[in-house]
Structure formats: structure tokens, C-alpha cells
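So the protein sequences, as listed, match chains A and B. Quick note: the first sequence uses our numbering, first residue 1, plus one each step. Quick note: the second sequence uses our numbering, first residue 1, plus one each step. In what follows, a single structure is set out as C-alpha cells and then discussed.
There are 2 protein chains.
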Amino acid sequence: MTKQNDQNLTVSQRIQNCFDELTRAERQLANAILDNYPVSGLGSITALADASGVSTPTVARMARKLGFGGFPQMQQTLRGELEATISNPISKHERWAENAPDTHILNQFAETVIENLRQTLKQQDPKDFDAMVKVLADRARVIHVVGGRISHSLASYFYTHLQMMRSDVLQVERNSNSWPHYVLNMKKGDVLVLFDVRRYEHDLLRFAKMAVARGVELVLFTDQWGSPVAKFAKHKIYSRIEAPSAWDSSVVTMFILEAVIAAVQNETWDETNERMTELEELFEKTKLFKKFV
Amino acid sequence: MTKQNDQNLTVSQRIQNCFDELTRAERQLANAILDNYPVSGLGSITALADASGVSTPTVARMARKLGFGGFPQMQQTLRGELEATISNPISKHERWAENAPDTHILNQFAETVIENLRQTLKQQDPKDFDAMVKVLADRARVIHVVGGRISHSLASYFYTHLQMMRSDVLQVERNSNSWPHYVLNMKKGDVLVLFDVRRYEHDLLRFAKMAVARGVELVLFTDQWGSPVAKFAKHKIYSRIEAPSAWDSSVVTMFILEAVIAAVQNETWDETNERMTELEELFEKTKLFKKFV
DNA sequence: ATCGTTCTGAAGATATTGTTTCAGAAAGGA
DNA sequence: TCCTTTCTGAAACAATATCTTCAGAACGAT
């Protein structure tokens, strides 16, 4: 065995380097490994031995011969290689803010947020998304929007936009004491859009239950762990909120919100368009009005 | 568990299908698996449990819950998936939301937003960023926060977080009629954090001018074209707000806000930490209080 | 053919992994 | 608040996987 193999070589490279010193059974094994590399090496030693038509001791011996402590160590290396291959589809190590070191908070944040987005979208079924948009675009339904302590701003952002696009959108006020009164105004078929992230709020859960009891359909925006409200929600979005900070990140939630808004706009283009034009006019008038005050 | 899962579904799909029925620890585990999928699931059950921060029985139980006979069977499935993935020669242009066409709004939005982020950070000088953070972390200054019609939610989000970290943070109310009164309470050295994006609001400009006249330092969050307020602002961030929609995207602005928050937190860790602890206690008390009401 | 050397895999020994049990913790409901 | 139900992980147990040993097979040299 060439003693160069010790460090940082892939299994495949080691096999090639040592190939001359391998015995008949070992070569057979080596070929089997390379044949379906590296997946073939990820099962048990027995499975690999069987697949190659050799005995398990042969496999164990070869692992040693290639410079590993044993079969499990070789397997570990294979997993490592695989991870490096898989998790690096595009320029992963791109620096976002040039002129700043990798460790600058801007770059760290960018890394994390992109990863959050990637994961969130991967887990999101577009069909569910579309179904949810359809409900929100349904003019026959009244939409109520409510948020928790932190997520209140998101709720407000969503409300502001949705309300520009369609009628019958209501924002539930922040103070949870008054929530029962809001429930009174909800009827079967209404939609309650609810924001609840880590530090899930009990009041929100209670509110949600009351609403559901009245036949309201729940649309929930929550984090990757899922608010307890999720059980009652017909449509829900789980966003990743990881951040290199003591707080959570709302960037991905904001992203989804905007995508929902854009999609609702597409669904309701006629009404939206009309409303926006009217809105323009109203703003114009307000402006004039103010001038004279 | 929906009994549709039985055949031919990937582990990832099964997790998504069952996600609602998963318990807390199981969700934690599920996230860990999806996080570095599928490699994370290829080691021993112990390794996976440790990496996820749960116990091995939890892993075994979840494997069952997902419809497998046990952990090894689930692992087998993972290997199978991997083989299928790897042996697929076409390294396709990565799609954000798999299972949806490139033209789906989610994918289009992702493309655009990432590009926005890239451009914004490229253009942003980290030194300016740091300088701005320093001002916001300066305890000797009082911070006032104000937003426009659309950007009000962003202002509110920023306020909520900043106010958890340091004292002397004030939110200026939405109604611009009262703004002159707010100016009266500002003094030289105070900071006014102002949000103004496309459809720049005249009231905001007037407000900014008044503040500057009193010796207030302006911190401005605006879009790539720059609000007219920029002329008077000492520190400013230009975020790209392009979106495949009739509205603009606030995702990047939100991103910057959170980065600023994280950076301020680093600067003021002592006070922040203390305040957060106090806050916890207050919330606890409120909870108790509410119970008796 | 015979001998010495090297290689190989069956079988058993050992180590590790996976499963089950169960008591305490946490969550949910009245 | 108390009670019930559900969840969770430590520990014991069971099942595999890995390694070691060793007798015999294969090979090569004479």
C-alpha cells in the first residue's frame, strides 16, 4: 500500500492508487464499489459483500488496506464526499457583500436567509399554495387578518396589500381582549388569516378555535415547527425563520406573503385593477384637500 | 397518518404529508432530516438522533409513523432515492419550488428576490452599514421611528425589535397630522429612522426636514431610486424592491432591517441581554395577570 | 506432484446499532 | 387548578453489523 493515501483522499482515489496491490477478491469488490459509486458503499458491510460476491472479511480488510481504520470509517468518508457533492449545486460559497469578510453580519445573514428560503420552498407543495390563493381571492368570502406580538407587523403588511386588491378585508386589532367581539362578526365561509410564530400565543389559539367553531376557514402563517393552531388550519405555510441573531427572521415569511399577494392579484385582476385606479383618484383628492387645510 | 403513504413515496414527501401529525420532537427531527437531505439520514440512528437533538426512540418511532417497518427500512428508502437522484445525469438548473414549473409564481418570485438581494448587497458599503449600526446602538441618543403608508409595517417591525434591545426608542404614529408635535420632542443628537419607498410621501419629506433643522440625525431606508429624503439623511440604505407583481417587494428591506437588528444586538449585548430577561419576567406576570381577569 | 506462501470465507467473538419498556414530563382539557 | 392524555428519553434488551480467527483453497515456484 502506497503510504501517500493517508489524508483527505476520496475513496475512489484511494482505490485507484492501490489498485495494483489489491488481490483478486478485492479487485472484484473495488469494481463493485466504483460501479455504483458512492451509494453502493452506504449500506451494511454484509450488503456490500453480497453485492460484490465476496465475503465480509474481504471488505473489512480492503478498508484497512485503503488506509481506513475499518469499514465504518470508510463509509463515513463516503458520506462526507456525498454531502460535499450534493449540498453544493451552485456557487455556494459566493460572497454576498463584496468588500466585507465572510464573517460580516451581512454575509452571514445572507447565507442563512437563502438557506431558509431554499428549505421552505422545497417543503412547500405548490398545490397547497394555489389552493390557499384561491380561497383568498374568493370574493364571496370575508377575510379577517390577525397577528401575534411579533408577527403583528407582518399581518399588517398583508392586510395593507390585500385590502388594496379586494373588498371585505378586515384587520383584527392587536388587543386580544376584544377578539371575542370580532368572532361575533364572522360567519361560516369567512376566512381568518392568522400569523403565529415561535412563542406561540395562547390567545391566538383560543381565537382560532372560536373562529373554527363558527365555520371559519383558517389560513395560517407559521414557522418550521408549526404553531398549535396548525391543527385547525385548512391552509398553512411553514416558513424557516433561522437567523444568526437572538431573534428569528421574518424574511421568508415576508417573501411568501408577497408571493401570495402577487398570486391573488393575478386571480382577481379585474377587480384589483379597478380598485387601484379608484385608489389613485382618492389619494389625489386627499392631496388637494390637504393643500387647502 | 393518512393511509395513502404506503407505497413509493420518498421520505421527504412522507414527512410533508404527515407533518401535521408529528409531535414536537418529531418535527425537530424531521427538520434535521430535511435540512441536509438525504445525507443526514444515512448514518446510524444514534448519529441522526444526536444531530437532531432527540433520542433514538423518537427516531425509530417516527420511521414507523411515516409508514416504514423501522429505521433501517427508512434508510434503505433514502439510499434508493439517492441512487435515483445521482444516476440522473442531467444536472438541471435548480428549481426553488420543486414540483412546480419554472413559471410558477413561487419560482419567479424567488429568482427576482435573490437577484434583488445580490444587487443590494453588492452596492452596499459595509462600512456605512457599520457606522449606521453604531449610531443606532448609541445609548446616549433617542431613536424615533416613522414609516409611510406602505412602509409603516416595516417601521413597526423595526421598532418592535429595537425597543426590546435598548431604551429610548419611540414610534411615531401613523397619522401625519400629529407629526409636528413629535418634532417638538426631538433634540440635537437624536436619531430619526425613516422608511420611504416608491410613491415617496411628501409629508415624510417635510417631517424629515423639520427634524434635521433641529439637529436630528437621519437614518433612511429607501428603494434603489432613493427617496428625496436621502439628501438630508446621514445614513441610508438603498434596497432593491423589484417584484413580478403590481407591487414592490419589501423582502430585501426586511432582510437589511434584521441584519441591522442583529448587529445592534451585538453592539449592545449587555443591555440587550438584561432587557430581554426583564421582558421575559414581565410577560410571565402578564400571563398570570390575564388568567385572573 | 510437492511445498511454501498468500488469499479466502465460515464461524464465532465483539462491538455497535436498533427496539422496547416504562416512569416522569409536558401538553391539553374540564 | 387538577386530572387525563400524550409525549419523551434513559435504560434494558434484542438484533445486526463488524471484526478476528483459523482451516483449507488457490496459486506459483520448483
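Using N, Cα and C, we set each Cβ at its ideal position, and we do this for glycine too.
Report the residue from the options whose alpha carbon sits nearest the alpha carbon of residue i.
i	options	result
N175 (chain B)	B:D203, B:A259, B:L184	B:D203
D168 (chain B)	B:S178, B:H181, B:M186	B:M186
V193 (chain B)	B:A131, B:F68, B:L136, B:M165	B:L136
S239 (chain B)	B:W247, B:A246, B:I256	B:I256
S249 (chain A)	A:A263, A:Q224, A:V39	A:Q224
F232 (chain B)	B:F221, B:V251, B:V212	B:V212
L42 (chain B)	B:V252, B:L154, B:Q28, B:V59	B:V59
S339 (chain A)	A:E21, A:R14, A:I241	Because residue 339 (chain A) is not part of the residues shown, which for chain A are 1 to 293, the question remains open.
K188 (chain B)	B:S245, B:N8, B:A155, B:E217	B:E217
Q73 (chain A)	A:G147, A:D128, A:S44	A:S44
V219 (chain B)	B:R198, B:V191, B:M210	B:V191
V197 (chain A)	A:K234, A:W247, A:E21	A:W247
Where does residue i fall in DSSP's three states?
i	result
E201 (chain A)	coil
K127 (chain A)	helix
T112 (chain B)	helix
I237 (chain A)	strand
T253 (chain B)	helix
F232 (chain A)	helix
L192 (chain A)	strand
V183 (chain A)	helix
V264 (chain B)	helix
F71 (chain A)	helix
D50 (chain B)	helix
N83 (chain A)	According to the sequence displayed, residue 83 (chain A) carries Glu and not Asn. In this structure, E83 (chain A) counts as helix in the three-state DSSP scheme.
V219 (chain B)	strand
A213 (chain A)	helix
S178 (chain A)	helix
E242 (chain B)	coil
P57 (chain A)	helix
Q119 (chain A)	helix
L66 (chain A)	coil
T77 (chain B)	helix
T277 (chain B)	helix
So with Cβ pairs under 9 Å, would you call residue i a contact of chain B?
i	result
W62 (chain A)	Reading off the sequence, residue 62 (chain A) comes out as Met, not Trp. So, not an interface residue.
A32 (chain A)	no
N266 (chain A)	yes
H161 (chain A)	yes
I15 (chain A)	no
D125 (chain A)	yes
G148 (chain A)	no
M210 (chain A)	no
N36 (chain A)	yes
F255 (chain A)	yes
H93 (chain A)	Confidence at H93 (chain A) is low in this model, with a pLDDT of 42, below 50, so the placement of that residue should be treated as unreliable; the coordinate-derived value is given next. It does not; no Cβ of chain B falls within 9 Å.
A246 (chain A)	yes
Y238 (chain A)	yes
Please check if any C-beta of chain A sits within less than 9 Å of the C-beta of residue i.
i	result
T272 (chain B)	yes
W179 (chain B)	no
S156 (chain B)	yes
V251 (chain B)	yes
L288 (chain B)	Low per-residue confidence applies at L288 (chain B): pLDDT is 43, beneath 50, and the placement is therefore not dependable enough to give any value.
F109 (chain B)	yes
F207 (chain B)	no
A259 (chain B)	yes
F19 (chain B)	yes
A51 (chain B)	no
I90 (chain B)	With a pLDDT of 40 at I90 (chain B), under the threshold of 50, the modelled position of that residue is not reliable, and the figure given next carries that caveat. With 9 Å as the cut-off, I90 (chain B) does not count as an interface residue toward chain A.
E295 (chain B)	Any answer about residue 295 (chain B) is impossible in this case: the structure gives chain B only from 1 up to 293.
L192 (chain B)	no
V145 (chain B)	no
H152 (chain B)	yes
G43 (chain B)	yes
M1 (chain B)	Bear in mind that a pLDDT of 38 at M1 (chain B), under 50, signals an unreliable position, so the number given afterwards is only what the model happens to contain. So, not an interface residue.
P228 (chain B)	no
S12 (chain B)	yes
M276 (chain B)	yes
K129 (chain B)	In the sequence under discussion, the amino acid at residue 129 (chain B) is Phe, which differs from the Lys named in the question. Interface residue, yes.
Go through the region 132-173 of chain B residue by residue and report every complete run of the alpha helix (DSSP H) that reaches 4 residues or more, in order.
152-165
List, from N- to C-terminal side, the alpha helix (DSSP H) runs of 4 residues or more that fit wholly inside the region 5-40 of chain A.
11-18, 24-35
Is the region 256-275 of chain A touching the region 140-147 of chain A in the sense that three or more CB pairs, one from each, lie closer than 8 Å?
Touching, no.
Taking 8 Å as the threshold, find out whether the region 98-118 of chain A comes into contact with the region 152-165 of chain A through three or more Cβ pairs.
no
Tell me whether the region 37-57 of chain B and the region 66-79 of chain B touch, counting them as touching only if at least three CB pairs, one residue from each stretch, are closer than 8 Å.
In short, these stretches touch, since the Cβ pair count reaches three.
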